[in-house]
Structures are given as structure tokens and as C-alpha cells.
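Residue numbering for the sequence shown follows my numbering, beginning at 48 and increasing consecutively. From the three backbone atoms N, C-alpha and C, an ideal C-beta is built for every residue, glycine too. Presented below is the structure to which this report refers.
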Amino acid sequence: MKTSTDVSPARLSEISLWIPPDDVRHHDGTEIPLQTCFFAEPPAAIGRVKSASSTLHVGSKPIHPVMKVIFTAGLLVALAAGTCWMTNESTPWCIVSILFPIILFPVLFLYHFDHRCSFVGELGVALFEYRSLSRKVQLKTLIPFSDYAVLYAEHLNSTGSCSARLEWFDAGMHSRKFLSVESTVLDFTRTTRDQRQLLRAAEQQWANHLAPQLIELWKFKHELQFPLRPDGLLRIADDHIMMERKRTRHSMLTTDLDRIILNDGTFTIVSKAARFVTGIRDPERIRIPYSHVGNARALLMALEFLMSDMDKPLDA
48 MKTSTDVSPA RLSEISLWIP PDDVRHHDGT EIPLQTCFFA EPPAAIGRVK SASSTLHVGS
108 KPIHPVMKVI FTAGLLVALA AGTCWMTNES TPWCIVSILF PIILFPVLFL YHFDHRCSFV
168 GELGVALFEY RSLSRKVQLK TLIPFSDYAV LYAEHLNSTG SCSARLEWFD AGMHSRKFLS
228 VESTVLDFTR TTRDQRQLLR AAEQQWANHL APQLIELWKF KHELQFPLRP DGLLRIADDH
288 IMMERKRTRH SMLTTDLDRI ILNDGTFTIV SKAARFVTGI RDPERIRIPY SHVGNARALL
348 MALEFLMSDM DKPLDA
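In C-alpha cells:
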């Protein structure tokens, strides 16, 4: 498969190389805008596309080199003005030195004509990038689901920042990172938002891919196993749930299962006997960091099935 193609920035957005079918949505579940320009086609290895996204719009053009020189010169003038004000204490220069960079700041974002387009398919996920410096459309990452066995995901939100990442492992535990996103409340770009939505869509489709295998395993063994980092295991059986970590075991009867909570990056399995006391390690709760659970979204689906079979709600 060809992994890179030379394209000039001026021609990149002339026409979309792929038109999404009517049933394909954006990664967040909304309709894909008509002006979206896909500068690459989805690889056949990912199967039928379920969702897609591109940061490029049809007709978008990079700033002309001459304009870049003008903007850069303007910035230098503003900096010089600021320096003059600091030495001469001239109020007009102060105003210029403050306002000019503020006006110029959004324009500088247009310096880099870098874009991404991504596809989540039934059989895999793919991410393409265009870098204006290299003038190449590159297949950054391709994950055929059939090549991998375990996915570790992180979706962590904290005060002022959030992070998300996906990392697949094959049967030999060789890893392949798909994408990692770090952003703050000051990060207002649409790109980072699209990337987080891509990660969630990719994780959900991976879980959908695993579902038939899990159903067959359940029918045959009536037990499912999910790996826990670094060396643990979570077992789900007809009559119990057991977590094994660092030479310790924590089990719970399925008949005692009350609810599942996913909050602040932590997976909590709660029994009916759990105490509602904060700051105390409750033996009636199984707590696991979400990023430590292999195939965590598939585990949620399995627990949802288990609880629906017991006519219990899922709180996630």
C-alpha cells in the first residue's frame, strides 16, 4: 500500500478524494458537513467505514508566502515598538505594542497548513496527515483489528486539562500507539476536539469488533477474562466477578452486583453491601483505573449484558 503522496498545499483542497456515503457519520455521531474535504481515501483494510472526519474544507488555501513575510515584519515592528516604549515610556507605542500582537496572533495560526483526516471502519481504523513543510499526504497510522488482541485506552479529565490515548497490543504483547491527545481549557482548536472524538469512536468500534468473539466465549465457557495492567486479570463468570492483582484477589457474587460506575478515569464495580463513605477502602467495591483495563469498553458491554440479564440498570 502506498503510504505517502506528494501534493502542493494549494492543490490539496481542490476536490475531496472520498465522498462519505449517507450512513457514515462524523466521529461524534453528527452529520459530516458538505464542505469537508477528505484528502485521502479509507484503506480497504479497515472495511466498511462507520465514521470519518477531516480538518480540511474544500477550497481552503494556505496563506501566500508574501503575506507571511508581511505578517512577520509586522510582528517584528510590534516587538520593536514595545522595546521603544519600555525605554522611552511613550504611551502610543505602548498601545501599538500590545494591540498589534493580539490582532496578529490568530493570523499566525494560519502559517501552518497542516491537516488530518481519519476513518473508523468495521475492521480497523486509519489516520492520515498532511504536513505543509514536507508537502506529503501520509498514512500516519493503520490499525487492522485482526492484527491485535488487546486495547488499553485512557480518557482522563482533570481541572484545566484532559488527556486521551489508545494503545493496541498483539498476541505477543507488541504495542502500537494509535494517537495521544493532551489539551487544556486554553486549547480552543477544533483539531484536538476531533482527535478526542476519534479516539472514543475507535475504542467503541473495537469493542463492537470483539463482541461476537465474547458472545461465543460466553456461550462456550460462561466466563470472560480481561487483562489488567501490569500483571492482573478480571474474570466475569455466571456466578461471580473476580479481580486478581499483585497476589491479591477480590471477588463478588454476581447476585450482589448493584451498579457499575465510570467516573474520573476510574472503573468501580459496586455491590449491594457497599458503604457510602468517602476516603475508606470499601471491600464491597472493586476499583480499577480505566487505563489499566484491557478492552475496557468491551468489559462495559459485557457487564451491561450481565446486569440486563439480571434486570438491573447500568450506571456508566
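Cβ neighbour criterion (16 or more within 10 Å) applied to D241:
Counting Cβ neighbours within 10 Å, D241 comes out buried, since at least 16 surround it.
Taking the runs of the beta strand (DSSP E) that are 3 residues or longer, which of them lie wholly in the region 160-218?
Runs of beta strand (DSSP E) with 3 or more residues, each lying fully within the region 160-218, are found at 162-168, 171-178, 183-191, 197-205, 208-216, listed in chain order.
Count the other C-beta atoms from every protein chain shown that fall within 10 angstroms of the C-beta of H58, then say buried if there are 16 or more, exposed otherwise.
With the sequence shown as reference, residue 58 is identified as Arg, and His is not the correct amino acid for it. By the C-beta density criterion, R58 is exposed, having fewer than 16 other C-beta atoms within 10 angstroms.
Assign P56 to one of two classes, buried (16 or more other C-beta atoms within 10 Å of its C-beta) or exposed (fewer than that).
Buried, because 16 or more other Cβ atoms sit within 10 Å of the Cβ of P56.
Three-state class that DSSP yields for D53 in the structure shown:
Note: D53 maps to strand in three-state DSSP.
For Y195, which residues in the same chain have their Cβ closer than 6 angstroms to its Cβ, ignoring the five residues on either side in sequence?
Contacts found: W215, D217.
Go ahead and label K268 buried or exposed: buried means 16 or more other beta carbons lie within 10 angstroms of its beta carbon, across all protein chains shown.
Exposed, by the Cβ-count rule.
For N255, which of P68, E61, V167 has the nearest alpha-carbon?
If we check each option's Cα against that of N255, V167 comes out closest.
Since I66 is in the beta strand (DSSP E), which residue starts that stretch and which ends it?
Run containing I66: none; DSSP gives neither H nor E here.
Going by beta-carbon coordinates alone, are T313 and R334 separated by less than 8 angstroms?
Annotated as proximal: T313 and R334, with beta-carbon spacing under 8 angstroms.
CA-to-CA distance, D53 to L271, given in whole angstroms:
For L271 and D53, the distance between alpha carbons rounds to 47 angstroms.
Nearest to T295 by alpha carbon, out of Y199, G279, I307, I93?
Ranking the options by Cα distance to T295, first place goes to G279.
How about V197 and N342: do their beta carbons lie closer than 8 angstroms?
Their beta carbons are under 8 angstroms apart, which means V197 touches N342 by this criterion.
Range of the contiguous beta strand (DSSP E) that encloses F85
Counting along the chain, F85 falls outside any beta strand (DSSP E), and DSSP gives it neither H nor E.
Flag this pair as yes or no: are the beta carbons of R95 and E201 separated by less than 8 angstroms?
The answer is no: Cβ separation not under 8 angstroms.
Could you check where the beta strand (DSSP E) with A99 kicks off and where it finishes?
Start and end: 96-101.
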